[in-house]
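Presented below is the structure to which this report refers.
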Amino acid sequence: MRVVVAVCRNELGEVLLAQRAAKAHLGGTWEFPGGKVETGESDEAALARELREEVGLDLPRSAAALFQPLLTRQFNYPDRSLTIVAYTLALNAAQCTLLQGREGQALRWEKPEAISLLPTPAANAPLIAALRWPSCWHITPNFAFNDSASESAVSSWVAERCTLSGVNHGLVLRLPQWPLVAYVALAKRALALTEVVGLPLLLHGDVRACASVGAFGFHASSSQALQWQQQALSKADVLPTGYCLAVATHGADELALAQAVAADWAWLSPVLPTPSHPDAAGLGWAAWAALAQATTLPVYALGGLRQSQVAQARSHGGVGVAGISGF
């Protein structure tokens, strides 16, 4: 079954949600308006029809060009399989005042960061992630730890990315060769730079750094996630309250591991061969998509990619892309 949904935004940046009837499948949850694409119907025509039937929004035929692709994702429920294609649609104030739940459903507007606090269908998790989190993550190159010159080089790298415009991005401070004390000191300086411009910063390496640096989240290796799982620990046990957890994965087993430790998202790599691992064959987009779409976790594509490939990643079920040398 092919299903299209509309992520409708108002002029305040809020997103329209509708509540499923209590007796319906996944009753009581909040979702984006939309529905099944009928035979011979285009996605845009289906969305226009569903918005008219569900919330009373009448769009002219020319409005089809206003729908912007966001994400395509396949989900297999016990009783059904769905391909969900999400589009964004900007609404003006006049259009918003005319909306009503024409099937008796409640409607509400929420900021993207607040949607995760509501009960939502599992299939919506990647869509919500695509609205809340950066589409691109810049990961630091492997800066060696030597002296103050090394610290200056990393600080310059962070500062340069704080000046980027037109890119929805975040930073991952990955410095595996650095001792904990030096890493924490540098992370604090990096956080001061990123907070000024509102860039999310992920820490990496020794999880103890999180107690000293109030960053956006932590980028864990698959071996760290495995150790936590073996100790019956999850995100709430190892990270401060409010931290996001991202786990590096390379296949189905590690994706399941990331889910077991309550990761907020997974990095799945490598999509393509990379300069740092020239002998490792990439998964290729088809195999990558099959893995990404077999989990309800939001997934970022990593490995041999550039920032310009966000749309390609999203068409294969990913939330966005991450990179080192390609960025």
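Just add 35 to the spot in the sequence shown (first one is 1) and you have our numbering. No residue lacks a Cβ here, since even glycine has one placed at the ideal position from N, Cα and C.
Exercise for review: Following the continuous alpha helix (DSSP H) through A271, name the residue where it begins and the one where it ends.
Suggested key: Translated into the one-based positions of the sequence shown, residue 271 becomes position 236. Its alpha helix (DSSP H) spans residues K270 to V273.
Exercise for review: Using three-state DSSP, classify N159 as helix, strand or coil.
Suggested key: Reading the sequence shown from its first residue, position 124 is the one you call residue 159. Three-state DSSP puts N159 in a helix.
Check your understanding: Cβ of R44 within 7 Å of Cβ of V50?
Key -> Locating residue 44 in the sequence shown gives position 9, counting from the first residue. Locating residue 50 in the sequence shown gives position 15, counting from the first residue. Cβ distance < 7 Å, so R44 and V50 count as in contact.
Review point. Given L307, which residues of its chain have a CB within under 7 Å of its CB, disregarding the five upstream and five downstream residues?
Key: The residue given as residue 307 occupies position 272 in the sequence shown. Beyond the five residues adjoining it in sequence on each side, L307 comes within less than 7 Å, by CB distance, of G317, G338, G339 and L340 in the same chain, given in chain order.
Exercise for review: Provide the residue span of the beta strand (DSSP E) that contains L206, from first to last.
Suggested key: For this step, residue 206 is matched to residue 171 along the sequence shown. For L206, the enclosing beta strand (DSSP E) stretches over residues H204 to V207.
**Study point:** Range of the contiguous beta strand (DSSP E) that encloses E145
**Key:** For the purposes of this step, residue 145 is taken as the residue at position 110 of the sequence shown. First-last of the beta strand (DSSP E) with E145: L142 to E145.
**Study point:** Check whether G69 and A41 have beta carbons under 7 Å apart
**Key:** The residue labelled residue 69 in the question sits at position 34 within the sequence shown. The residue labelled residue 41 in the question sits at position 6 within the sequence shown. For G69 and A41, yes; Cβs fall inside 7 Å.
Review point. First and last residue of the beta strand (DSSP E) that includes K71?
Key: Indexing the sequence shown from 1 puts residue 71 at position 36. If you look at K71, you'll find it in the beta strand (DSSP E) that goes G69 to K71.
Practice item. Give the C-beta separation of A165 and V354 to the nearest angstrom, bearing in mind that I take them to be a contact with Cβ-Cβ under 8 Å. Key: Residue numbering aside, residue 165 sits at position 130 when the sequence shown is read from its first letter. Residue numbering aside, residue 354 sits at position 319 when the sequence shown is read from its first letter. About 5 Å separates the two Cβ atoms, so the contact holds.
Review point. Considering only the beta carbon of each residue, do S170 and V282 sit closer than 7 Å?
Key: Your numbering for residue 170 matches position 135 in the sequence shown. Your numbering for residue 282 matches position 247 in the sequence shown. Not in contact: S170 and V282 (Cβ atoms no closer than 7 Å).
Point to revise | S247 and V207 closer than 7 Å at C-beta | key: Within the sequence shown, numbered from 1, the residue matching residue 247 stands at position 212. Within the sequence shown, numbered from 1, the residue matching residue 207 stands at position 172. In this structure, S247 keeps its C-beta atom at 7 Å or more from the C-beta atom of V207.
Review point. Going by the beta-carbon positions, is the gap between H239 and F362 smaller than 7 Å?
Key: Stepping through the sequence shown from its first residue, residue 239 is reached at position 204. Stepping through the sequence shown from its first residue, residue 362 is reached at position 327. Not in contact: H239 and F362 (Cβ atoms no closer than 7 Å).
Review point. Should V242 and W263 be called a contact, given that it needs their Cβ atoms to be closer than 7 Å?
Key: Position 207 of the sequence shown holds residue 242. Position 228 of the sequence shown holds residue 263. Going by C-beta atoms, V242 is not nearer than 7 Å to W263.
Practice item. Buried or exposed for Q342, please, with buried defined as at least 16 other CB atoms from any protein chain shown within 10 angstroms of its CB. Key: The sequence position of residue 342 within the sequence shown is 307, counting from 1. Flag for Q342 reads buried.
**Study point:** Neighbour-count burial assignment, A348, 16 or more Cβ in a 10 Å radius
**Key:** As a first step, residue 348 is located in the sequence shown; it is residue number 313 there, counting from the start. It is buried - the Cβ of A348 has at least 16 other Cβ atoms within 10 Å.
Check your understanding: Relative to the alpha-carbon of A160, which residue among L237, W65, V232 and A100 has its alpha-carbon at the smallest distance?
Key -> Taking the sequence shown and counting its residues from 1, one reaches residue 160 at position 125. The shortest C-alpha to C-alpha distance from A160 to any of L237, W65, V232 and A100 is the one to W65.
Exercise for review: Going by CA-CA distance only, name the one from T309, T276 and A57 that's closest to Q140.
Suggested key: Position 105 of the sequence shown, counted from the first residue, corresponds to residue 140. The option with the nearest alpha carbon to Q140 is A57.
Review point. With 16 as the cutoff for other CB atoms within 10 Å, does K270 come out buried or exposed?
Key: Counting from 1 along the sequence shown, the entry for residue 270 is found at position 235. Residue environment for K270: buried (at least 16 other C-beta atoms within 10 angstroms of its C-beta).
Review point. Hey, quick one: how far does the alpha helix (DSSP H) through V216 stretch, first residue to last?
Key: For the purposes of this step, residue 216 is taken as residue 181 along the sequence shown, with counting starting at 1. Segment L215 to V232, the alpha helix (DSSP H) holding V216.
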